[in-house]
Amino acid sequence: MPGMRPYIPSPGKGRHLRGGLECPSRMRHTHIRVFVHIVFSTKNRRNTIREGFRQRLWSYMGGIARANKLHAIIIGGMGDHAHLLLAIPSTIAIGRAVQMIKMGSSTWVRENEYKLFQWQEGFAAFSVSQSNLEKVKEYVCDQERHHRKMSFAEEWNAFLQKHGISLTRGEGQYRPYRGSYLNADPRHRVPG
Numbered sequence: 011m012p013g014m015r016p017y018i019p020s021p022g023k024g025r026h027l028r029g030g031l032e033c034p035s036r037m038r039h040t041h042i043r044v045f046v047h048i049v050f051s052t053k054n055r056r057n058t059i060r061e062g063f064r065q066r067l068w069s070y071m072g073g074i075a076r077a078n079k080l081h082a083i084i085i086g087g088m089g090d091h092a093h094l095l096l097a098i099p100s101t102i103a104i105g106r107a108v109q110m111i112k113m114g115s116s117t118w119v120r121e122n123e124y125k126l127f128q129w130q131e132g133f134a135a136f137s138v139s140q141s142n143l144e145k146v147k148e149y150v151c152d153q154e155r156h157h158r159k160m161s162f163a164e165e166w167n168a169f170l171q172k173h174g175i176s177l178t179r180g181e182g183q184y185r186p187y188r189g190s191y192l193n194a195d196p197r198h199r200v201p202g
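When you read off a place in the sequence shown, starting at 1, and then add 10, the result is the number in my numbering.
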């Protein structure tokens, strides 16, 4: 066609575009490292995971994670809730990862320990940076010590506030925390 330039491959890295512009080659692989701290409770926050059974449950949940290509860095908790620190691949949504672990583990608990066992609907998930990984691992490991000072409800509310989430009363839905850091610029205020 008149006025069209042919594609000319670059001798180096990259490729030429029309007009002679150099464009770097596309990335050939996807590299993702996403760490997520997930917290969920037993149905009605009942203390139904007895102390002697917890370690078996946490190990079983780790096995479910492995079987589904998730990397469970640490799993722990108390009788009424669980903490999971996971590395989640790009191919699995966080909600799906939690669903697989909760479904598989609740079935296993009902078959092996407590026939009426259920997890509470929903969960909280917080991103964790590489630099905070050790701190979160220690936190999950030290659950017994933490819960000598605060209940799970207090811990839950502290997590939500720390991560900028507030629970809308009566709706059962989350909305962004309306703390001062969001209201510094009027363009970023949360409606409602």
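Note that CB positions come from ideal geometry on N, CA and C, so glycine has one too. Fair warning: this is a prediction, and the values are worked out from it, not measured in the lab.
Report all residues from its chain with a CB closer than 7 Å to the CB of residue i; omit the five preceding and five following residues, and keep chain order.
i	result
tyrosine 124	Thr58
histidine 173	Phe136
aspartate 152	none
tyrosine 187	Because tyrosine 187 sits at a pLDDT of 42, beneath the cut-off of 50, its placement in the model cannot be relied upon, and the point is left open.
tryptophan 118	Tyr70
glycine 114	Ile74
Near residue i, what residues of its chain come up, given a Cβ to Cβ distance below 8 Å and the 5 sequence neighbours on each side ignored?
i	result
leucine 143	Phe45, Ile83, Leu95
tyrosine 79	Looking at the sequence provided, one finds lysine at residue 79 rather than tyrosine. Closer than 8 Å at Cβ, skipping near neighbours: Pro99, Thr101, Ile102.
glutamate 154	Met88
arginine 10	Missing from the structure shown is residue 10; the chain here goes from 11 to 202 and no further.
alanine 77	none
valine 138	Phe45, Val46, His47, Leu95, Val146
Please report the straight-line C-alpha distance between residue i and residue j, rounded to a whole angstrom.
i	j	result
methionine 160	histidine 41	39 Å
glutamine 128	valine 146	26 Å
methionine 71	asparagine 167	25 Å
arginine 120	leucine 67	11 Å
glycine 62	asparagine 122	13 Å
arginine 60	threonine 52	12 Å
At what residues does the beta strand (DSSP E) containing residue i begin and finish?
i	result
phenylalanine 136	134-138
isoleucine 83	81-88
histidine 93	91-97
Should residue i and residue j be called a contact, given that it needs their Cβ atoms to be closer than 8 Å?
i	j	result
phenylalanine 162	histidine 91	yes
valine 150	histidine 81	no
methionine 110	isoleucine 74	yes
alanine 107	arginine 43	no
Who are the Cβ neighbours of residue i in its own chain at under 6 Å, not counting the five residues just before and after it?
i	result
asparagine 112	The sequence shown places lysine at residue 112, rather than the asparagine named in the question. Hits under 6 Å: Trp129.
valine 49	His93, Ala134
What residue range is occupied by the uninterrupted alpha helix (DSSP H) comprising residue i?
i	result
serine 69	61-77
tryptophan 166	162-172
leucine 143	143-151
Bridge partners for residue i per DSSP, in chain order?
i	result
valine 49	His93, Ala134
tryptophan 118	In the DSSP output, where bridge partners are listed per residue, tryptophan 118 has none listed.
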